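Colleague: The sequence shown begins at 924 in this note's numbering and counts up one residue at a time.
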Amino acid sequence: MQDAVDTVNAFVWGPLTILLLVGTGLYFTVRLRLIQVFRLTLSLRLLGRHEAEKEGELSYFRSLTVALSAAIGNGNIAGVATAIALGGPGAILWMWLTAIVGMATVYASTVLALQFRVFRSETGEYAGGPMYYIEQGLGPRWKPMAQFFAICLVIATLGTGNMVEANSVADTLEFTLRDLIGYAPEISHILSVKLLIGVVYAGLIWMVIVGGIRRIGHVVSRLVPLMFIIYVASALVVLGLNADQIPSALWTIVHDAFSGTAAVGGFAGAGVMAVIQFGVARGIFSNEAGLGTTPIALAASRGDHPVKAGLVAMNSPLFDTLIVCTLTALVIITTGVWQTGTSGAELTTMAFNEAVPDLGKVAVTLTLMFFSISSVIGWSYFGEKGTEYLLGSSAIATYRRVFSLLLPVGAVMNLELIWALCDIANGLIAIPNLVAILLLSPLVARLTNQYFRGVPKQ
């Protein structure tokens, strides 16, 4: 079963999907005339602007933090480390390029989400995202594709956005506690500790998601900036201690991106194609550009124009990949631990610990916990909207209960198979979303041109 799932996973996340994801970003980058570059100042300015309109539940800032809460997670700690461990430092350049073109993809999908969002009188909230602009933008005959997207979205939220995150937190906290206390427990004791962590974790998540998008927005608008500041500050401390290594690290990233990385230390080496593949795949995993999740969060904003929401949304890959992932990568490369053969979150922890012994380990553990909590909260909302689209608003309460109850289960399970299945679901939600926004690209271009004809150049 695992072998079969791995084969399907390799196909779904193969060259064709990666080409579609990057190609779509390049297409919108050209068609929208480098909007992510020339309108970046305006997009950042909109984040701090107070919107007086009452259409929607959240300000632009809060709706973006909901999107970022799901995006900033394991991908920023484990994903970056995996990209470097398998593809070498050069993979980071391809992560950057993926994020830059991904900003245009996120912009386009969010414009469509606002254009075709609907008001749910049962909940008093707006709902939007790929399932709505697929059905309404492309027409009723495309509804099966919209339903397919929603089904894969719910599967992904219950796995990647739930059980996998809970498992990562339980593993990390249990290991850190064991290391600090210095004891060697039996397997049954480890499972008991993980179960306790999972139960507490589920209780915290339930108290947030039961309040709907208003409470979610209220919590993550405080949690996301806090965890962002803590992680950035911790990374800057490490980089400050290794400032003399930063220029050579940047040169290595650029050089190896086009030449591959020779075997060194515990690193097995990687050719140029492997560097590109791991960089692009981990970049997409990190910022979720093209998966269609960010538009779901922005659909709840109280913006008065789809283009404004699109401009705000394209900041997600900027903060997630170009800032947080870059800092993680530089910490790993400047400390030299990427050559040890270690991968994942363990490699990032090793890098921080190399610069600041013991404190580095605690800093990564706390950061991972904050990232995970915010990620689970964000993904719960995406799954809620997918469930609402498929089964109606009456199913939301049941979904929230199931989502919360699966967290302790994920904390104690071996999730290798579930992780692979959810990777497949993540890949499958990207395909219908990308097809839809490409087919609706004339509408995106028209709305963009109409808006900026009345706005002075920034």
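Cβ atoms here follow ideal geometry from the backbone N, Cα and C, with glycine treated the same way.
These numbers come from a predicted model, not from an experiment.
Please list the segments of the alpha helix (DSSP H) lying wholly inside the region 1015-1092, counting only runs of 4 or more residues, in order along the chain.
Modeller: 1053-1061, 1066-1081, all fully within the region 1015-1092.
Colleague: Could you tell me whether the region 1249-1256 touches the region 1268-1285, where touching means 3 or more Cβ pairs closer than 8 Å?
Modeller: Pairwise C-beta distances place the region 1249-1256 in contact with the region 1268-1285, as three or more of them are shorter than 8 Å.
Colleague: Under the rule that 16 or more other beta-carbon atoms within 10 Å means buried, what is D1346, buried or exposed?
Modeller: Residue numbering aside, residue 1346 sits at position 423 when the sequence shown is read from its first letter. Result: buried.
Colleague: If you reduce the DSSP assignment to three classes, tell me which class L1127 lands in.
Modeller: Taking the first residue of the sequence shown as position 1, residue 1127 is located at position 204. In the structure shown, L1127 sits in a helix (DSSP, three-state: H, G or I).
Colleague: Within the same chain, show all residues whose beta-carbon is closer than 6 Å to that of M1297, passing over the 5 residues directly before and after it, in chain order.
Modeller: The residue labelled residue 1297 in the question sits at position 374 within the sequence shown. Looking at the sequence provided, one finds Ser at residue 1297 rather than Met. Closer than 6 Å at Cβ, skipping near neighbours: S992, V1143, L1146, V1147.
Colleague: Could you spell out the range, first to last residue, of the alpha helix (DSSP H) harbouring I1300?
Modeller: Here residue 1300 refers to the residue found at position 377 of the sequence shown. Following the DSSP letters along the chain, one finds I1300 inside the alpha helix (DSSP H) bounded by residues 1282-1314.
Colleague: Between the region 1094-1102 and the region 1222-1239, do three or more beta carbon pairs fall short of 8 Å?
Modeller: no
Colleague: Taking Y1304 as the reference, which of I1139, N1165, L969, F1039 has the closest Cα?
Modeller: Counted from its first residue, the sequence shown places residue 1304 at position 381. Out of I1139, N1165, L969, F1039, I1139 has the C-alpha closest to the C-alpha of Y1304.
Colleague: For L1114, which residues of its own chain have a beta-carbon under 6 Å away from its beta-carbon, when the five flanking residues on both sides are left out?
Modeller: In the sequence shown, residue 1114 corresponds to position 191, counting from 1. So the qualifying residues of the chain are V1335.
Colleague: Specify, as a first and last residue, the run of the alpha helix (DSSP H) that G1010 falls within.
Modeller: In the sequence shown, residue 1010 corresponds to position 87, counting from 1. Element bounds for G1010: 1003-1010.
Colleague: Counting only C-beta atoms, is L1118 closer than 8 Å to chain B at any point?
Modeller: This model lacks chain B altogether; it includes just one protein chain.
Colleague: Nearest-angstrom Cα distance between I1246 and I1152?
Modeller: Here residue 1246 refers to the residue found at position 323 of the sequence shown. Here residue 1152 refers to the residue found at position 229 of the sequence shown. If I take the Cα positions, the gap works out to 11 Å.
Colleague: Please classify K1380 as buried or exposed, where buried requires at least 16 neighbouring CB atoms within 10 angstroms.
Modeller: As a position in the sequence shown, residue 1380 is number 457, starting the count at 1. Its pLDDT being 42, under 50, K1380 is placed unreliably in this model, and the coordinates cannot settle the point.
Colleague: Three or more beta-carbon pairs under 8 Å between the region 1046-1054 and the region 1066-1084, yes or no?
Modeller: Contact between the region 1046-1054 and the region 1066-1084 is present: three or more C-beta pairs spanning the two stretches fall below 8 Å.
Colleague: Under 7 Å Cβ to Cβ from P1355, same chain only, skipping five residues before and after it: list those, please.
Modeller: In the sequence shown, the residue the question calls residue 1355 occupies position 432. Contacts found: P1053, I1057, M1068, F1071, F1072.
Colleague: Any contact of the region 1016-1035 with the region 952-961, i.e. 3+ C-beta pairs under 8 Å?
Modeller: yes
Colleague: State whether the region 1362-1374 contacts the region 946-955, with contact taken as three or more CB pairs (one from each stretch) at a distance under 8 Å.
Modeller: yes
Colleague: If you draw a straight line from the C-alpha of E976 to the C-alpha of E1048, how long is it?
Modeller: As a working mapping, residue 976 is identified with position 53 in the sequence shown. As a working mapping, residue 1048 is identified with position 125 in the sequence shown. Its pLDDT being 46, under 50, E976 is placed unreliably in this model, and the coordinates cannot settle the point.
Colleague: Looking at the secondary structure, which residues open and close the alpha helix (DSSP H) in which E1269 lies?
Modeller: For this step, residue 1269 is matched to residue 346 along the sequence shown. Bounds of the alpha helix (DSSP H) holding E1269 are 1267-1278.
Colleague: Drop a sphere of 10 angstroms on the beta-carbon of I1199, count the other beta-carbons inside from all chains shown, and report buried for 16 or more, exposed for fewer.
Modeller: Sequence index remark: in the sequence shown, residue 1199 carries index 276 (1-based). Buried, since its Cβ has 16 or more Cβ neighbours within 10 Å.
Colleague: Hey, would you say G1135 sits closer than 8 Å to T947, going by beta carbons?
Modeller: Here the question's residue 1135 lines up with position 212 in the sequence shown. Here the question's residue 947 lines up with position 24 in the sequence shown. The answer is no: Cβ separation not under 8 Å.
Colleague: Who are the near neighbours of L1127 in its chain, counting only those whose CB is closer than 8 Å to its CB and skipping five residues on each side?
Modeller: Here the question's residue 1127 lines up with position 204 in the sequence shown. If we look at L1127 and ignore the five residues flanking it on each side, its Cβ neighbours are I1296.
Colleague: Which residue from I1352, L1221, F1242, L1328 puts its Cα closest to that of L1035?
Modeller: As a position in the sequence shown, residue 1035 is number 112, starting the count at 1. For the residues I1352, L1221, F1242, L1328, the minimum Cα distance to L1035 belongs to L1221.
Colleague: Mind checking S982: buried by the 16 CB within 10 Å criterion, or exposed?
Modeller: Position 59 of the sequence shown, counting from 1, holds the residue named residue 982. Under this definition S982 is a buried residue.
Colleague: Do S1266 and A1008 have their C-beta atoms within less than 8 Å of each other?
Modeller: Residue numbering aside, residue 1266 sits at position 343 when the sequence shown is read from its first letter. Residue numbering aside, residue 1008 sits at position 85 when the sequence shown is read from its first letter. Yes, the Cβ-Cβ distance between S1266 and A1008 is below 8 Å.
Colleague: Determine the DSSP secondary structure at S982, reduced to helix, strand or coil.
Modeller: Along the sequence shown, one-based indexing puts residue 982 at 59. The three-state reading of DSSP puts S982 in coil, since its state is none of H, G, I, E or B.
Colleague: Roughly how far, in whole angstroms, is the beta-carbon of N1210 from the beta-carbon of A1001, given that I think they are within contact range, below 8 Å?
Modeller: For this step, residue 1210 is matched to residue 287 along the sequence shown. For this step, residue 1001 is matched to residue 78 along the sequence shown. No, N1210 and A1001 are not in contact; Cβ-Cβ is about 15 Å, not under 8 Å.
Colleague: Taking V1041 as the reference, give the member of G1060, Y1030, P1012 with the closest Cα.
Modeller: The residue labelled residue 1041 in the question sits at position 118 within the sequence shown. For V1041, the nearest C-alpha among the options comes from G1060.
Colleague: Please state whether DSSP places T1385 in a helix, a strand or coil.
Modeller: Examination of residue 1385 is not possible in this model, given that the chain is present from 924 through 1381 alone.
Colleague: Thinking C-alpha only, which one of R1376, L1344, A990, R1324 is nearest M1130?
Modeller: For the purposes of this step, residue 1130 is identified with residue 207 of the sequence shown, where counting begins at 1. Answer by Cα proximity: R1324.
Colleague: Tell me which residues share the same chain as T988 and place their Cβ nearer than 6 Å to its Cβ, disregarding the 5 neighbours each side in the sequence.
Modeller: Counting from 1 along the sequence shown, the entry for residue 988 is found at position 65. V1143, S1144, V1147, listed in sequence order.
Colleague: Rank R1376, A1158, V1203, L1361 by C-alpha distance to the C-alpha of V1287 and give the top, closest one.
Modeller: Taking the first residue of the sequence shown as 1, we reach residue 1287 at position 364. Ranked by Cα distance from V1287, the options R1376, A1158, V1203, L1361 are led by A1158.
Colleague: Is the region 1086-1094 touching the region 1326-1333, taking contact as three or more C-beta pairs under 8 Å?
Modeller: yes
Colleague: Could you compute how far the alpha carbon of G1082 sits from the alpha carbon of L1344?
Modeller: Here residue 1082 refers to the residue found at position 159 of the sequence shown. Here residue 1344 refers to the residue found at position 421 of the sequence shown. Going by the C-alpha atoms only, they are around 8 Å apart.
Colleague: Whole angstroms is fine: what's the gap from N999's alpha carbon to M1150's?
Modeller: As a position in the sequence shown, residue 999 is number 76, starting the count at 1. As a position in the sequence shown, residue 1150 is number 227, starting the count at 1. Each residue's Cα considered, the two are about 12 Å apart.
Colleague: Among M924, V931, L943, W936, which has the Cα closest to the Cα of A1359?
Modeller: One-based indexing of the sequence shown puts residue 1359 at position 436. Nearest C-alpha to A1359: L943.
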